[in-house]
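Contents: one structure, followed by commentary.
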Amino acid sequence: MSDITSLLKIINKDFDLPENLKEDQLLEVMVNAFAYLIDEDFQKLVQILYKADVDQDKLKILLENTTNASSAEVIAQAYIARQKAKIETWKKYSGG
Numbered sequence: 368m369s370d371i372t373s374l375l376k377i378i379n380k381d382f383d384l385p386e387n388l389k390e391d392q393l394l395e396v397m398v399n400a401f402a403y404l405i406d407e408d409f410q411k412l413v414q415i416l417y418k419a420d421v422d423q424d425k426l427k428i429l430l431e432n433t434t435n436a437s438s439a440e441v442i443a444q445a446y447i448a449r450q451k452a453k454i455e456t457w458k459k460y461s462g463g
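For reference, each letter of the sequence shown is one residue, going 368 to 463 in the working numbering.
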């Protein structure tokens with residue numbers, strides 16, 4: 368299974384994404400999804416980030432110190448990075 372396939376499989380637990388997304392498209396879709404959650408369902412946003420184990424302190428620092436990206440972009444990048452880290456950990460310990 369490719370990394371993008373694994374990534375989409377994990378992310379689809381929280382979001383309904385098309386299966387044929389490329390990684391650059393994934394970021395765009397996630398930015399839009401997080402922008403919507405910021406405006407419309409902040410509680411769900413918090414739950415998704417908690418469930419994904421995105422480090423709150425690191426995210427807060429990123430949000431405070433990033434000036435050239437929207438909050439949704441920063442959150443999407445942190446979320447995707449965390450999901451990628453999970454995949455790497457699984458590979459490491461499963462011998463895959």
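C-beta atoms are modelled at their ideal positions from N, C-alpha and C, and glycine is treated no differently.
When we look at the beta-carbon of residue i and count the other beta-carbons within 10 Å, is it buried (16 or more) or exposed?
i: ILE415; result: buried
i: PHE409; result: exposed
i: ILE447; result: buried
i: ALA452; result: exposed
i: ILE428; result: exposed
Once DSSP output is grouped into helix, strand and coil, what is the label at residue i?
i: ASP406; result: helix
i: VAL421; result: coil
i: ASN432; result: helix
i: SER437; result: coil
i: LEU388; result: coil
i: SER369; result: coil
i: LYS453; result: helix
i: LYS380; result: coil
Quick one: Cα of residue i to Cα of residue j, how far?
i: ALA439; j: LEU374; result: 19 Å
i: ILE405; j: LYS459; result: 34 Å
i: LEU412; j: ALA445; result: 13 Å
i: THR434; j: GLY462; result: 40 Å
i: GLU395; j: LYS389; result: 10 Å
Answer yes or no: the CB of residue i versus the heavy atoms of the ligand ADP, is any distance below 7 Å?
i: GLN410; result: No copy of the ligand ADP appears in this structure; indeed no ligand is present at all.
Three-pair Cβ contact test at 8 Å for the stretch 421–430 versus the stretch 378–389: no
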